[in-house]
Structures are given as structure tokens and as C-alpha cells.
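Student: Here it is, the structure in full.
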Amino acid sequence: MKTDDLVSMLATGAAPVERHVAAKRFGWALALGTLGALAVVVTGYGVRSDIAMLLHVPLFWAKVAWPACVAIAALAAVARLGRPGKPVGGWWLGLATPLALVWLAALLLLWLAPPGMREHLLLGRTWRSCSFNIALISLPALAAALWAVRGLAPTRLRLTGAIAGLMAGTIGALTYCLRCPEMSVPFWATWYLIGMSIPTAAGALLGPRVLRW
Numbered sequence: 014m015k016t017d018d019l020v021s022m023l024a025t026g027a028a029p030v031e032r033h034v035a036a037k038r039f040g041w042a043l044a045l046g047t048l049g050a051l052a053v054v055v056t057g058y059g060v061r062s063d064i065a066m067l068l069h070v071p072l073f074w075a076k077v078a079w080p081a082c083v084a085i086a087a088l089a090a091v092a093r094l095g096r097p098g099k100p101v102g103g104w105w106l107g108l109a110t111p112l113a114l115v116w117l118a119a120l121l122l123l124w125l126a127p128p129g130m131r132e133h134l135l136l137g138r139t140w141r142s143c144s145f146n147i148a149l150i151s152l153p154a155l156a157a158a159l160w161a162v163r164g165l166a167p168t169r170l171r172l173t174g175a176i177a178g179l180m181a182g183t184i185g186a187l188t189y190c191l192r193c194p195e196m197s198v199p200f201w202a203t204w205y206l207i208g209m210s211i212p213t214a215a216g217a218l219l220g221p222r223v224l225r226w
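Residue numbers for the sequence shown follow the working numbering, so the first one is 14 and each next one is one higher.
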């Protein structure tokens, strides 16, 4: 087959690419993933009875803010990874900064706390179940995030899957705040991070299979 014939065949039936397709897919993914996570929390765990009072507690908003900051950076990073040749750029710093800040705060609080209080600050009452709960709650968001990226053109499949999983993990952590009784910075700096790392690892494992095109 001649080159001109091949080009003509490939171009036959070609249509313009839909504008803002990535934004639309990630918008749907965020909406569906968040609704799914909320459904798991509300039906499977229940919301804290004092949640209305917590809305006036600054520490609660700090607890919400750090996974929210990671979620924004993860969303921006995975959207760029879904486009061939698009650099992630400064969003790597956006991912690392809130994680570093919360760990610095946790270490400082543990250092300043009386020795007898350190174990409680780190383990709280729910350390055995917290990370698993976050990972379970994030499953709808993980499926939605991988669906969104699959419709694009990622080339670094394992990395893209991992960041999609991290985005899902942050959604799981954010919605779990409605249930979690723990308010210690060292606790959620440790067990929330582990919980977010589980869907991150799952995304890295699934990426080469699910995102291949």
C-alpha cells in the first residue's frame, strides 16, 4: 500500500477531538468517586454524631485540608500524565509539600508531648482499622479515576495508575473524616497516609493492565 493511500485510509471518518475532554472525564470521575465514597461512609460506617460541632473546630479543618491539598496536586499531576509528553512539572512539589508539612507537625508534637502521651497520640483508638477503612472507602474513586485516565493517552502507565490511586486515596481520606474519631496530628499523619498509600499501590499494579491503549 502506498503512503498516500494509507494516510487517506486513516483519515477516513476522522472527527474533531471533543474540546475539554480531559476536564470532563475528571469532573465525572471526581463526582462519581466522591459520591461512591460518601455512600460507603454513610451506609457502611455512619457519620459522627458530633459532626456539626466539629465544623467549628480548626483542627478538624486542618485534618481535612491536608488530603484536600494532596488531592488537588494529584488531580493536576494525573491529568498531565494522561497526555503524552506533558510534563508534571511543579505539581510534584505540590504533592510533596503537604505530606512533608504534616509529618513535620506530627514529629514536633510527638517531641513536645510527655513520653506517656506519645503512644496514644500515634495510635489513638482506631489505628488497627483506620488505614483499611480509608482504602475500602476509596475503591469507587479508584475505579472512577482509572476510567478517566483510560479515555486519554497515558504513556507512563504504572506511574499514572499510582497517581490516580493516590487521588482516589485522598477522596477516601476526606470522606472518612466524617466518621473518624481521631483528632491527633501524629495519628492521621501516619495512618491516613498508609490508607492513601494502599490505593496508590493498587493503581500502580493495575495501571499497566487497565490503562494500556
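All C-beta atoms in this analysis are idealised placements derived from N, C-alpha and C, irrespective of residue type, glycine included. Quantities reported herein were computed from a predicted structural model and do not represent experimental measurements.
1. Would you decide whether serine 151 is buried or exposed? Buried here means 16 or more other CB atoms lie within 10 Å of its CB.
2. Which runs of the alpha helix (DSSP H) at least 4 residues long sit entirely within the region 64–142? Give them in chain order.
3. For my contact list, valine 83 and threonine 183 are in at a C-beta cut-off of 8 Å; report their separation, rounded to the angstrom.
4. Taking the beta carbon of alanine 27 as the centre, do at least 16 other beta carbons fall within 10 Å, making it buried, or is it exposed?
5. I believe glycine 137 touches serine 62 by the beta-carbon criterion, under 8 Å. Please report the beta-carbon distance rounded to the nearest angstrom.
6. Since tryptophan 226 is in the alpha helix (DSSP H), which residue starts that stretch and which ends it?
7. State buried or exposed for threonine 56, treating a residue as buried only when at least 16 other CB atoms are found within 10 Å of its CB.
8. Leucine 155 to threonine 47, Cα distance in whole Å?
9. To the nearest angstrom, how far is the alpha carbon of proline 167 from that of valine 223?
10. Can you check whether the CB of glycine 220 is closer than 8 Å to the CB of leucine 179?
11. Closer than 8 Å by C-beta to alanine 214: which residues in its own chain qualify, once you throw out the five before and the five after it? Chain order, please.
12. Looking only at its own chain, which residues have a Cβ that is under 6 Å from the Cβ of alanine 158, when we skip the five neighbours before and after it?
13. May I have a chain-ordered list of the beta strand (DSSP E) segments no shorter than 3 residues that lie completely inside the region 147–177?
14. Please work out which residues of its chain come closer than 7 Å, Cβ to Cβ, to leucine 23, disregarding the five sequence neighbours upstream and downstream, and give them in chain order.
15. Measuring alpha carbon to alpha carbon, tell me which of Leu172, Tyr205 and Ala35 ends up nearest serine 142.
16. When we look at the beta-carbon of glutamate 132 and count the other beta-carbons within 10 Å, is it buried (16 or more) or exposed?
17. Ends of the alpha helix (DSSP H) at arginine 192?
Tutor: From the atom records:
1. buried
2. 64–67, 71–94, 104–125 and 128–136
3. 5 Å
4. With a pLDDT of 47 at alanine 27, under the threshold of 50, the predicted position of this residue should be treated as unreliable, though the coordinate-derived value follows. Alanine 27 should be labelled exposed.
5. Rounded, the Cβ-Cβ distance is 18 Å, inconsistent with contact.
6. No alpha helix (DSSP H) contains tryptophan 226, which DSSP labels as neither H nor E.
7. exposed
8. 10 Å
9. 11 Å
10. no
11. Ala175 and Gly178
12. Ala42, Ala177, Met180 and Ala181
13. none
14. Confidence in leucine 23 is poor, its pLDDT being 45 and thus under 50, which makes the residue's placement too unreliable to answer from.
15. Tyr205
16. exposed
17. It is not in any alpha helix (DSSP H) - arginine 192 carries neither H nor E in the DSSP assignment.
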